[in-house]
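Per my numbering, residue 188 is the first one in the sequence shown, and the count goes up by one each step.
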Amino acid sequence: MRIGLFADTYTPEINGVVSSIVTLQEGLEAAGHEVFIITTHVSILNLSYENRVLRLPGIQLKQMYGYVLTSPLHIRAYQIVKGMDLDILHAHTEFGIGIFARIVARLMHKPLVVTYHTTYEDYTHYVNVFKSKAVEKIAKKTVSQLSKLYIETSDGAISPSLKTKEMLKGYGIKREINVIPTGLNLDRFKAENVDQKAIQSFKDEYRLHDKLIILYVGRIAEEKSIDLVLEGFAKINQAEIPSRLIIIGAGPQEDELKHLAKKLNAAESIIFAGKRPSHTIPIYYHAADCFVSASLTETQGMTFIEALASGKIVFAREDKVLSDLIEPNRNGYFFEDASDFAHKIEIYAKLEDEVKRRMRDNALASVQVYDREVFVQNVLGVYAQAIRVSKEAMVLTEVSHKHAVVECLFENKYRSLSVLVSMEMFVGMGLRKGNELEKDVIETLLENEQFVKAYQACIQKISVKDRSRQEMYDFLIGKTTLDIGQINQLIDYLEQKKYINDEQYARSMVQSLQALLQGKQKIIRGLRNKGIAQELIDKVIQEDSQEAEVANALALAEKVKPSIRDRSLRSLKQKLTQRLMSQGFEFNVIEVVMRSLNFQEEEKGELDNLRKTAFKAKRRLSSKHEGTQLRNALFSYLDHQGFNLDDIYIILNEMEWNDE
């Protein structure tokens, strides 16, 4: 067969995905198949194609070391891939090159197999730089929706571990997912096939002789939890166990971890050896005594397998993906935290040489199931089934109408698939029970399903209460994976169906807020906050008369007035004015209201109110003042409260003073 492997990362980069792709490539070629690699390189425009490796231009993302983001649309690249005359396409990424693979598969009518290598929900911190819970929630939801679409629209799906399969099933994916652990060319890691002089040279370079050498290989990034390893290593008693921690690789957290090593006073014993060519990696495994990784984000953990294949003891945190790989005290150790890591290292270091030898033998034996030939044969089995699936149409077996949406169940002998279809598309495509549909039609329906689900969510939200166009726009951006064009299309559709009507919404909101005795300015602010256009606000507001505004303001003032007690008439009027202004009434309306209100009762009781206020204030102020100072302080307080000066003198003369 002629097979195309599509990936965003490839040699000379070093990571688990690259190891998997290279292993598969070499195994397929050894089995007599022709393999083409379609990947990326850092370039703005240049496209490279030599030795059956096509490299598309892309931009390197510094935060995600080794990942080159490329556009999914490449006309020249498509022509080159078309010339490869592929029998099957195998995508190893969901974005960039992965989307390009899907486009090519559809245009060329070729089967597409996908391998889901990465638990993207563990990597959302790269887009959530401010640690927002809302952003985290949206990012994880987007990952689940895109992953579901990615798997469902393929002809065959592969997961490297049961852990990853269960995660994908949790996204609501119903189709079959084949668990195939990535194989390894075990011969490459055998001691007799590794350059012994290169091993000695590496040890000489970093003066590693007579030291316990602990190795980490991989990306230096937050999700790998390397900081925990450094903290644990720093707790090892170097006097009892002279040791070195070697870190092979590079990444966005490198400078931060170097600083941490200095902070832990372990900079001399923690060696950052940098990025090394992939073909030299066995040298470093064989230079080491053991391997460590604290990562909990692996889909399989290829570096763990490589270490065991090199006969090295593995130290790791317990994770489902490692449950069939590491046997505590037989070929490795699980640790819980930094202190436990240091403790387990001490246990291993003090073992008898014979016990260590047996553990190394156990390590070699534990990875025999990952032999490359078994891996390749399993993948070829998925290819064969995908080719059959791609040629097999699906029959519409069940139809269920729900409002403006139709739930359709498609089935063939390989799989069943439930898809939500809009009523318009259902009618427009002439769908009915018993129809047989080709793969391309099913994929179109699946892609449109996200639009249908967004429509359902909008209807549910609008059914609770009316929403403005802007509110629904914000809702769709925050809660769905639709692009801007699809969002605009859905908003326009909702307006056509009269589910969204900003003019009607604005009038309704004005009536509601007026019933709550709010003034014009506050109502205008409320409408603006809901995204109502200014010209529409002006139109709706102008429909209300000045008399109605005054009546509302007067009703509010009469409601509030009795609650303002024990104040001067002037203070009462100030408080009423402030309250009316806070509720959005304009000053000219407030003036009319204040002239209309009846303050006769307050005027009659002004002197009694002053007397009551003065006695209360005197008791309070007497703890700080006495004599003339007390009298002056009380006078200032009553003046500040807005009472008439002549009335204040009358009340003060009525009161008894100790200095008189």
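Yeah, the Cβ is synthetic: ideal placement off N, Cα and C, and Gly gets one too.
Here the structure is a predicted model, which means the values were calculated and not measured.
Of the residues the options, the one placed nearest residue i, counting alpha carbons only
{"i": "Ile434", "options": "Ala448, Gln729, Gln425", "result": "Ala448"}
{"i": "Ile724", "options": "Gly498, Tyr393, Ser655, Leu808", "result": "Ser655"}
{"i": "Ile208", "options": "Asp391, Lys537, Val240", "result": "Val240"}
{"i": "Ser348", "options": "Arg715, Thr484, Asn775", "result": "Thr484"}
{"i": "Asp195", "options": "Glu505, Ala278, Met546", "result": "Ala278"}
{"i": "Tyr303", "options": "Ile290, Leu700, Lys352", "result": "Lys352"}
{"i": "Gly343", "options": "Val566, Leu825, Tyr236", "result": "Val566"}
{"i": "Leu333", "options": "Ile345, Arg798, Tyr358", "result": "Tyr358"}
{"i": "Ile275", "options": "Asp826, Gln572, Gln828", "result": "Gln572"}
{"i": "Arg431", "options": "Glu745, Ile407, Ile532", "result": "Ile532"}
{"i": "Gly617", "options": "Leu604, Ser605, Leu632", "result": "Leu632"}
{"i": "Arg463", "options": "Arg602, Ala580, Asp476, Tyr472", "result": "Tyr472"}
{"i": "Asn688", "options": "Ser497, Ile338, Asp653", "result": "Asp653"}
{"i": "Asn796", "options": "Ser755, Val204, His588, Ala744", "result": "Ser755"}
{"i": "Arg517", "options": "Ala550, Ile458, Arg619", "result": "Ala550"}
{"i": "Ser577", "options": "Asn238, Gln212, Thr340", "result": "Thr340"}
{"i": "Ile286", "options": "Gln564, Tyr265, Leu273", "result": "Tyr265"}
{"i": "Ala735", "options": "Gly713, Leu704, His590, Leu759", "result": "Leu704"}
{"i": "Met271", "options": "Met188, His827, Val301", "result": "Met188"}
Residue i, enclosing alpha helix (DSSP H) - first and last residue
{"i": "Arg559", "result": "559 to 578"}
{"i": "Val747", "result": "733 to 747"}
{"i": "Leu415", "result": "413 to 420"}
{"i": "Phe502", "result": "Careful: Phe502 lies outside any alpha helix (DSSP H), inside the beta strand (DSSP E) at 500 to 503."}
{"i": "Tyr692", "result": "689 to 702"}
{"i": "Val209", "result": "203 to 217"}
{"i": "Ser758", "result": "756 to 769"}
{"i": "Val147", "result": "What the structure shows of the chain is the stretch from 188 to 847, and residue 147 is not part of that stretch, so it cannot be assessed."}
{"i": "His446", "result": "441 to 450"}
{"i": "Asn549", "result": "540 to 553"}
{"i": "Gly357", "result": "349 to 357"}
{"i": "Phe491", "result": "489 to 496"}
Assigned exposure category for residue i - 16 Cβ within 10 Å defines buried
{"i": "Val269", "result": "Note that residue 269 is Lys in the sequence shown, not Val. Lys269 is exposed by the Cβ-count criterion."}
{"i": "Gln151", "result": "The displayed coordinates of the chain run from 188 to 847. Any statement about residue 151 would go beyond what the structure contains."}
{"i": "Gln787", "result": "exposed"}
{"i": "Thr815", "result": "exposed"}
{"i": "Gln683", "result": "exposed"}
{"i": "Arg806", "result": "exposed"}
{"i": "Asn716", "result": "exposed"}
{"i": "Arg394", "result": "exposed"}
{"i": "Ser609", "result": "buried"}
{"i": "Ile664", "result": "exposed"}
{"i": "Phe774", "result": "exposed"}
{"i": "Tyr197", "result": "buried"}
{"i": "Gln637", "result": "buried"}
{"i": "Asp506", "result": "buried"}
Opening and closing residue of the beta strand (DSSP E) in which residue i lies
{"i": "Met581", "result": "581 to 589"}
{"i": "Phe521", "result": "519 to 521"}
{"i": "Glu598", "result": "592 to 598"}
{"i": "Arg362", "result": "No beta strand (DSSP E) holds Arg362; DSSP gives it neither H nor E."}
{"i": "Leu432", "result": "430 to 435"}
{"i": "Gly343", "result": "343 to 346"}
{"i": "Ala378", "result": "From DSSP, Ala378 is part of no beta strand (DSSP E); its letter is neither H nor E."}
{"i": "Phe478", "result": "477 to 480"}
{"i": "Thr280", "result": "Taken as a continuous stretch (DSSP letters only), Thr280 belongs to no beta strand (DSSP E), as it is neither H nor E."}
{"i": "Val301", "result": "299 to 302"}
DSSP state of residue i mapped onto helix, strand, coil
{"i": "Gly461", "result": "strand"}
{"i": "His827", "result": "helix"}
{"i": "Tyr403", "result": "strand"}
{"i": "Thr631", "result": "helix"}
{"i": "Gln786", "result": "The displayed chain sequence assigns Phe, not Gln, to residue 786. Coil."}
{"i": "Tyr535", "result": "helix"}
{"i": "Thr467", "result": "helix"}
{"i": "Gly191", "result": "strand"}
{"i": "Tyr197", "result": "coil"}
{"i": "Tyr236", "result": "strand"}
{"i": "Ala720", "result": "coil"}
{"i": "His228", "result": "strand"}
{"i": "Arg807", "result": "helix"}
{"i": "Arg752", "result": "coil"}
{"i": "Asn845", "result": "coil"}
{"i": "Ser603", "result": "strand"}
{"i": "Ile275", "result": "strand"}
{"i": "Leu624", "result": "strand"}
{"i": "Glu339", "result": "helix"}
Quiz item: Which parts of the segment 653 to 679 are runs of the alpha helix (DSSP H), unbroken and 4 residues or longer, counting only runs that do not cross its ends?
Solution: Considered as a whole, the segment 653 to 679 harbours 656 to 666 as its complete alpha helix (DSSP H) runs of no fewer than 4 residues, in chain order.
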